[in-house]
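**Q** Structure below; questions to follow.
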Amino acid sequence: MSTAVLGCVTGFLTYETPKSVVVKSWSVGITNRVMQLVIIAYFVGYVFLYEKAYQQSDTAIESSVITKVKGFGRLNDRVMDVADYIYPPQGSGMFCIITRVIVTDNQFQGRCAETERGFTCETDANCTQYIGSVLSSGLITGVCLKASNETTGRCEIEGWCPAENDSVKMDTMEEFKSFTIFIKNSIRFPLFNVTRGNFPATMNIKTCTNNEKDPLCPIFRVEDILKETKQNLTQLAMKGGEIGINIAWQCNLDQNIEKCIPKYSFRRMDAPFEKNRISKGYNFRYAKYYKTENGTEFRTLHKAYAVRFDVMVTGKAGKFSLVPTVINVVAALTSIGMGTVLCDIILLNCLKGAEQYKAKKFEEVTEDKKEPAVTPSPGSQRSFKAGMKSSGDSGAISLYMSD
Amino acid sequence: MSTAVLGCVTGFLTYETPKSVVVKSWSVGITNRVMQLVIIAYFVGYVFLYEKAYQQSDTAIESSVITKVKGFGRLNDRVMDVADYIYPPQGSGMFCIITRVIVTDNQFQGRCAETERGFTCETDANCTQYIGSVLSSGLITGVCLKASNETTGRCEIEGWCPAENDSVKMDTMEEFKSFTIFIKNSIRFPLFNVTRGNFPATMNIKTCTNNEKDPLCPIFRVEDILKETKQNLTQLAMKGGEIGINIAWQCNLDQNIEKCIPKYSFRRMDAPFEKNRISKGYNFRYAKYYKTENGTEFRTLHKAYAVRFDVMVTGKAGKFSLVPTVINVVAALTSIGMGTVLCDIILLNCLKGAEQYKAKKFEEVTEDKKEPAVTPSPGSQRSFKAGMKSSGDSGAISLYMSD
Amino acid sequence: MSTAVLGCVTGFLTYETPKSVVVKSWSVGITNRVMQLVIIAYFVGYVFLYEKAYQQSDTAIESSVITKVKGFGRLNDRVMDVADYIYPPQGSGMFCIITRVIVTDNQFQGRCAETERGFTCETDANCTQYIGSVLSSGLITGVCLKASNETTGRCEIEGWCPAENDSVKMDTMEEFKSFTIFIKNSIRFPLFNVTRGNFPATMNIKTCTNNEKDPLCPIFRVEDILKETKQNLTQLAMKGGEIGINIAWQCNLDQNIEKCIPKYSFRRMDAPFEKNRISKGYNFRYAKYYKTENGTEFRTLHKAYAVRFDVMVTGKAGKFSLVPTVINVVAALTSIGMGTVLCDIILLNCLKGAEQYKAKKFEEVTEDKKEPAVTPSPGSQRSFKAGMKSSGDSGAISLYMSD
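Shown next, in the form of structure tokens:
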């Protein structure tokens with residue numbers, strides 16, 4: 001009984017390893033070693049050192065951005081401060097600096113003439129065709145308003161009057177180039193529970209400005225940003241635009257955490273539309289509402305041309321981890337054997353002694369259809385194998401010939 | 001000396017290739033080739049053609065969205081334009097079109113009766129229980145306000161008075177269905193430094209409308225969007241809701257860049273809550289502030305029911321790259337050998353000549369505990385091996401039997 | 001002809017399987033089986049059960065967040081409601097609860113003295129150095145304003161007057177701790193087209209509060225959130241801050257969809273800046289604009305200290321899929337053979353019978369440079385191989401010795 005168990009255990013505790021043919025040939029040997037070298041170099045250089053495959057990585061960065069703009073400008077004979085030219089005011093990652101405004105003051109609900117040239121008319125019939133248009137400044141009523149001594153006029157609209165006059169020349173607030181943008185960015189890599197701020201606690205953020213010498217200062221001059229994006233300041237102030245501020249965190253948490261610092265880059269976001277004839281730039285309309293003494297509401301319409309800033313935070317952190325390391329070491333070890341694919345092709349086809357190598361590498365066994373009938377006993381089966389061995393050993397290809 | 005070096009080099013320049021057994025059997029041969037065909041088909045069809053494994057891909061899309069709504073509607077006897085019904089006004093990827101507003105005019109700080117039915121009272125005791133409630137329109141003072149000739153009244157609140165009356169019937173601005181939404185979306189794949197806009201520079205965006213014929217026009221009618229999301233326009237205007245506008249970029253940068261165009265799709269975002277009894281739809285409160293002549297602030301409270309639009313941009317770009325191509329070709333080549341797992345099972349267990357195949361495939365070597373003592377010289381070891389060969393060659397399984 | 005075709009087909013329908021050496025040794029056998037056990041355990045336990053490698057997963061979650069705050073507080077002798085203290089009002093995933101405001105009433109455009117201590121002056125020369133400063137409350141004119149009987153004064157500014165006085169002691173609205181935040185979050189996994197809401201349709205969201213007993217209630221008390229982030233309420237109300245609300249969806253779509261529920265967690269987002277001397281907390285400036293009877297615009301400037309809440313939604317859904325299952329099963333099966341790397345090292349170097357195993361595992365074949373000339377006929381080639389066999393079989397290493 002115990003012998004049977006022991007036999008069973010012995011049968012189980014076996015180790016199966018592939019039988020190998022060792023070829024001593026300079027040409028294949030060199031090819032083999034060069035292939036192995038290339039594969040090792042790829043794994044060590046690219047996979048491990050460059051791609052850091054021994055690390056577990058986290059790109060699901062959690063980020064919070066607080067921004068604050070400072071500076072003063074003059075627009076339409078008024079000194080503008082942050083509360084005037086920043087929209088939305090809450091200092092989030094996306095904010096607009098208004099650089100030019102077309103103001104339409106004291107608009108009341110009523111009926112008046114459209115100001116857009118497209119709505120010039122001679123008769124009411126000219127206007128009825130525009131009913132339902134979304135390009136006017138109000139609902140087209142279908143009436144043509146003309147001064148008594150004129151033959152052409154403008155279609156009447158119903159809505160906020162007087163209508164906005166887009167063609168008015170307005171100044172731009174070019175002082176915005178000297179404004180400073182303070183960006184407070186805190187990030188967290190949830191996988192490693194690492195949090196970082198974009199500037200050290202010891203930094204004097206009252207006086208610094210971000211530049212090559214001080215790459216960690218979180219205060220940026222608008223002019224510097226525009227210079228880096230190669231934008232024409234005057235045109236940007238006139239037409240508006242969108243600037244992306246990218247904060248990239250590349251953190252190797254196996255190193256000192258103090259080396260986990262952000263890199264800033266800037267680009268014009270609406271660049272693909274620069275060649276468009278219309279719909280260049282960026283503007284939006286908003287209104288301030290007032291009430292007269294008797295309670296009638298009126299408003300001031302603002303068509304604001306603005307430079308929109310978008311702070312985008314991307315990040316990747318890596319830290320040594322056992323599982324990817326083991327997986328990649330095993331992958332590297334097994335990949336070293338990959339060279340055999342190429343070497344086998346050379347060995348079995350291109351070398352002089354190819355036939356010989358084939359014979360050594362391949363051992364053939366054929367399906368013997370009559371065998372069970374002729375030699376039904378295990379003993380004879382073994383003798384058959386022994387017989388087959390002598391010829392089978394001479395290799396796959398030479399037997400193919402004898403078929 | 002030089003001979004030793006040569007010997008060492010020769011010893012190093014060897015090539016080790018697994019010794020194979022070639023089985024000539026129709027059944028296993030067919031299984032083997034079919035397996036290989038399946039594996040090749042999987043790699044060529046799925047991995048390379050469908051999944052484009054020869055490409056490096058970038059999904060970390062940088063995107064900028066500018067929106068602009070146009071159109072006029074009537075609400076509470078006023079003509080509403082963009083500055084009135086859009087919130088927030090800055091034309092970002094998220095914006096609300098207000099379709100219905102409950103306006104509470106001329107609210108001053110003070111004390112007055114609550115309007116909500118839930119705060120009906122007969123005595124002050126009825127109201128003191130509500131102190132601290134967040135469901136009222138102001139701080140509950142604990143006093144029950146009753147008209148002199150009534151037995152029931154409403155609890156008194158402190159705050160902005162008069163309190164909002166939610167039960168007032170208000171009209172909806174159904175004209176919002178004819179509004180148009182212009183979406184300007186520029187994207188960038190940072191890995192490949194490719195930027196694209198969602199419409200070509202040559203497109204006439206003054207007159208076009210997005211539909212099947214013109215899939216690149218960036219101007220959408222609200223009605224078309226709602227039709228695609230199968231939403232009831234009247235109910236949406238009444239209760240508010242949230243519509244997602246998805247812009248999907250699937251770019252194969254190995255092809256002409258002009259084929260890298262966006263696809264638009266729409267869906268109701270708050271669909272999971274449609275069956276809820278309460279908290280359907282979407283509304284928010286905001287106030288406009290005014291001052292009387294003597295400087296007292298008062299406000300108009302707006303409870304705005306709105307359709308919120310969320311523009312979401314997703315994208316993936318792929319471009320041929322050497323590293324993934326090589327990795328996947330190698331993976332494909334080595335995977336072709338994977339068929340052996342199944343074939344070996346068939347060969348060694350299911351075929352008639354299984355014993356014969358086993359004998360050929362497996363060569364056995366046993367741990368010989370006495371051997372070092374009996375035959376300590378290398379020569380005898382060699383002879384031992386030669387002796388073992390004759391029997392070991394007869395295969396693993398037949399030897400198991402002799403245990 | 002047909003024989004040739006048959007021969008060709010027969011030649012094609014072959015199956016090549018590596019020839020193996022089966023080693024019956026307890027030490028290597030145990031090592032081998034333990035290695036296989038570890039690999040199987042790794043694949044079954046980690047890859048399949050823990051990492052769920054049999055599933056296709058989707059992390060590109062589409063999410064929509066609607067928030068609504070309720071509660072009343074007192075600030076500067078006024079009762080504040082949602083429309084007063086929430087900014088921006090539209091109930092998106094990011095919103096601020098204003099807890100303290102420095103109000104500067106009735107600002108008109110003009111010239112007046114700066115209030116900041118940094119701009120103290122004795123002569124105009126003291127002030128001209130500040131021209132262009134962005135730290136003042138308006139454009140520095142370069143004039144020093146002094147009361148007639150004083151020797152020191154403050155620099156004159158041009159802009160909105162009077163200037164904001166930051167040093168005024170203002171109360172905080174501590175009642176904000178009892179405010180409730182209602183979060184309506186609907187998500188969608190685009191790959192599986194699964195949509196979910198963060199609370200069931202049957203939940204009574206009028207009365208519930210999120211706590212351990214009721215983890216699905218979407219209504220959160222600010223106090224509970226702050227407690228979980230271990231924040232000092234008074235200091236937060238005084239200085240402002242940023243709280244992240246993370247909603248994590250981990251959905252196994254192979255299970256009942258009702259188990260796909262969100263998990264909420266909270267943390268202080270601006271934690272990395274807590275030790276900073278300046279730029280702690282969170283505040284922003286905004287203005288309300290008014291008009292006098294004669295049309296002059298004036299404004300009330302608000303410097304609002306606020307607690308900003310950021311709702312962040314992350315998610316991952318997995319569902320059984322054939323392709324990853326097959327790939328990983330194949331990877332598991334082939335990896336079981338990986339143990340050979342370690343076992344071979346033991347077998348061929350550490351065991352007593354190492355030489356014997358080497359001889360069995362390696363079969364050598366050398367490049368024979370003269371052979372083609374001496375034995376050009378296939379028959380003699382075969383005999384050469386037979387001859388080589390007898391010595392080659394004795395193993396790679398023993399032959400190295402004879403070099």
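Chains as they are written, first to last, in UniProt numbering: chain A, 1 to 403; chain B, 1 to 403; chain C, 1 to 403.
For every residue, glycine included, the Cβ atom is placed at its ideal position computed from N, Cα and C.
Quick caveat, the model's predicted, so the values are computed rather than measured.
Taking 8 Å as the threshold (beta carbon to beta carbon), is B:V222 in contact with chain C?
**A** Locating residue 222 of chain B in the second sequence gives position 222, where the first residue counts as 1. Closer than 8 Å: no.
**Q** Within a Cβ cutoff of 7 Å, which residues of the same chain sit near C:D81, ignoring the five residues on either side of it in sequence?
**A** Here the question's residue 81 of chain C lines up with position 81 in the third sequence. Within the same chain, C:D81 has close Cβ partners F72.
**Q** At a CB-CB cut-off below 9 Å, which residues of chain A make contact with B:G138?
**A** Here residue 138 of chain B refers to the residue found at position 138 of the second sequence. Near B:G138 there are no residues of chain A at all, since even the closest Cβ is about 22 Å away, more than 9 Å.
**Q** What is the DSSP secondary structure of A:S279, counted as helix, strand or coil?
**A** Within the first sequence, residue 279 of chain A is the residue found at index 279, counting from 1. Coil at A:S279, not helix or strand.
**Q** Kindly indicate which three-state DSSP category A:S265 falls into: helix, strand or coil?
**A** Taking the first sequence and counting its residues from 1, one reaches residue 265 of chain A at position 265. Correct three-state label for A:S265: strand.
**Q** When you compare each of B:L333, B:L49, B:N210, B:V9 to B:F320 by their alpha carbons, which one comes out closest?
**A** As a first step, residue 320 of chain B is located in the second sequence; it is residue number 320 there, counting from the start. Of the listed residues, the one whose Cα sits closest to B:F320 is B:L49.
**Q** When you compare each of A:L233, A:A332, A:T10 to A:L37 by their alpha carbons, which one comes out closest?
**A** Numbered from its first residue, the first sequence carries residue 37 of chain A at position 37. Considering only A:L233, A:A332, A:T10, the residue with the shortest C-alpha distance to A:L37 is A:A332.
**Q** Buried or exposed for B:A201, going by 16 or more other Cβ atoms inside 10 Å?
**A** As a first step, residue 201 of chain B is located in the second sequence; it is residue number 201 there, counting from the start. Under this definition B:A201 is an exposed residue.
**Q** DSSP on B:S20, reduced to helix/strand/coil?
**A** Within the second sequence, residue 20 of chain B is the residue found at index 20, counting from 1. Three-state DSSP puts B:S20 in a strand.
**Q** When you compare the CB positions of B:C155 and B:F119, do they come within less than 8 Å of one another, or not?
**A** Residue 155 of chain B sits at position 155 when you count from the first residue of the second sequence. Residue 119 of chain B sits at position 119 when you count from the first residue of the second sequence. Result yes, Cβ atoms of B:C155 and B:F119 sit closer than 8 Å.
**Q** Tell me whether B:F199 sits in a helix, a strand or coil according to DSSP, three-state version.
**A** Counting from one through the second sequence, the residue named residue 199 of chain B turns up at place 199. It is coil, neither helix nor strand.
**Q** Does chain A have any CB closer than 8 Å to the CB of B:S92?
**A** Locating residue 92 of chain B in the second sequence gives position 92, counting from the first residue. Taking a beta-carbon distance threshold of 8 Å, B:S92 counts as an interface residue toward chain A.
**Q** Who are B:N246's beta bridge partners in DSSP?
**A** Here residue 246 of chain B is taken as the residue at index 246 of the second sequence, counted from 1. B:N246 is bridged to B:S265, B:M312.
**Q** What are the residues of the segment 344-369 of chain C that lie near chain B, defined by any Cβ-Cβ distance shorter than 8 Å?
**A** L351, K352, G353, E355, Q356, Y357, A359, K360, F362, E363
**Q** Can you name the residues that DSSP bridges to B:V57?
**A** As a position in the second sequence, residue 57 of chain B is number 57, starting the count at 1. Note that residue 57 of chain B corresponds to Ser in the displayed sequence, not to Val. Per DSSP, the beta bridge partners of B:S57 are B:G318.
**Q** Could you round the C-beta distance between C:T141 and C:E122 to whole angstroms and report it? I think they count as a contact, below 8 Å.
**A** Within the third sequence, the letter at position 141 stands for residue 141 of chain C. Within the third sequence, the letter at position 122 stands for residue 122 of chain C. 16 Å between Cβ atoms; not a contact.
**Q** In angstroms, rounded to a whole number, what distance separates the CA positions of B:A41 and B:M35?
**A** For this step, residue 41 of chain B is matched to residue 41 along the second sequence. For this step, residue 35 of chain B is matched to residue 35 along the second sequence. C-alpha separation (whole angstroms): 10 Å.
**Q** Distance check for A:I261 and C:D105, CA to CA, integer angstroms please.
**A** By one-based count along the third sequence, residue 105 of chain C stands at place 105. By one-based count along the first sequence, residue 261 of chain A stands at place 261. In a straight line, the C-alpha of C:D105 is about 42 Å away from that of A:I261.
**Q** With distances taken from CA atoms, which of B:I157, B:D270, B:F199 is nearest A:K280?
**A** Locating residue 280 of chain A in the first sequence gives position 280, counting from the first residue. Out of B:I157, B:D270, B:F199, B:F199 has the C-alpha closest to the C-alpha of A:K280.
**Q** Should B:C127 go down as buried or exposed, given a rule of 16 or more other Cβ atoms within 10 Å for buried?
**A** Start at 1 with the first residue of the second sequence, and residue 127 of chain B comes out as number 127. Buried, because 16 or more other Cβ atoms sit within 10 Å of the Cβ of B:C127.
**Q** Less than 8 Å between CB atoms is the rule here; does C:E150 satisfy it with respect to chain B?
**A** Counting from one through the third sequence, the residue named residue 150 of chain C turns up at place 150. Not an interface residue.
**Q** Interface residues of chain B around C:I183 at Cβ under 9 Å?
**A** Locating residue 183 of chain C in the third sequence gives position 183, where the first residue counts as 1. At a beta-carbon threshold of 9 Å, none of the residues of chain B lie near C:I183; the nearest stands roughly 11 Å away.
**Q** Using a C-beta to C-beta distance shorter than 8 Å, which residues of chain C count as neighbours of B:K19?
**A** Your numbering for residue 19 of chain B matches position 19 in the second sequence. Within chain C, the residues near B:K19 are P18, K19, E363.
**Q** What does DSSP give as the partner residues of B:N211 in its beta bridges?
**A** Mapped onto the second sequence, residue 211 of chain B falls at position 211. DSSP output for B:N211 lists B:D214 as bridge partner(s).
**Q** Nearest to C:D224 by CA position, among C:Y264, C:E258, C:N204, C:A60, is which residue?
**A** Against the third sequence, residue 224 of chain C aligns to sequence position 224. Here the closest residue by C-alpha is C:Y264.
**Q** When you compare the CB of B:I30 with every CB in chain C, is at least one pair closer than 8 Å?
**A** The residue given as residue 30 of chain B occupies position 30 in the second sequence. Answer yes: the Cβ-Cβ gap between B:I30 and chain C drops below 8 Å somewhere.
**Q** Suppose the cutoff is 8 Å on Cβ atoms and the five residues either side in sequence are ignored; what does the same chain contact list for B:K24 look like?
**A** Along the second sequence, read from residue 1 onward, the residue named residue 24 of chain B stands at position 24. Within the same chain, B:K24 has no close Cβ partners at all.
**Q** Using a Cβ cut-off of 8 Å (strictly closer), state whether C:P88 contacts chain B.
**A** As a position in the third sequence, residue 88 of chain C is number 88, starting the count at 1. At least one C-beta of chain B is nearer than 8 Å to the C-beta of C:P88.
**Q** Which residue wins for smallest C-alpha separation from C:M94, given the options C:V79, C:E116, C:T67?
**A** Position 94 of the third sequence, counted from the first residue, corresponds to residue 94 of chain C. For the residues C:V79, C:E116, C:T67, the minimum Cα distance to C:M94 belongs to C:T67.
**Q** Report the neighbours of C:L333 on chain B: residues whose CB is nearer than 9 Å to its CB, in chain order.
**A** Sequence index remark: in the third sequence, residue 333 of chain C carries index 333 (1-based). Under the 9 Å cutoff, chain B gives M338, V341.
**Q** For B:R299, would you say it is in contact with chain A, using Cβ-to-Cβ distances shorter than 8 Å as the test?
**A** Along the second sequence, read from residue 1 onward, the residue named residue 299 of chain B stands at position 299. Not an interface residue.
**Q** Quick one: which residues of the segment 47-62 of chain A get their C-beta closer than 7 Å to a C-beta of chain E? List them in chain order.
**A** In the structure shown, chain E does not exist; the protein chains are A, B and C.
**Q** Counting only Cβ pairs nearer than 8 Å, list the residues of chain A close to B:T195.
**A** In the second sequence, counting from the first residue as 1, residue 195 of chain B sits at position 195. Simply A271, P272.
**Q** Find the residues of chain A that neighbour C:E242, judging by a C-beta separation of less than 9 Å, and give them in chain order.
**A** Residue 242 of chain C sits at position 242 when you count from the first residue of the third sequence. What C:E242 touches in chain A, judged by beta-carbon distance under 9 Å, is S64, I66, S186, going in chain order.
**Q** Contact criterion: CB-CB distance below 8 Å. Does C:F72 meet it with respect to chain B?
**A** Taking the first residue of the third sequence as position 1, residue 72 of chain C is located at position 72. Taking Cβ atoms only, chain B reaches closer than 8 Å to C:F72, which makes this a yes.
**Q** Using beta-carbon positions only, say whether A:A306 and B:S186 come within less than 8 Å of one another.
**A** Taking the first residue of the first sequence as 1, we reach residue 306 of chain A at position 306. Taking the first residue of the second sequence as 1, we reach residue 186 of chain B at position 186. No, the Cβ-Cβ distance between A:A306 and B:S186 is not below 8 Å.
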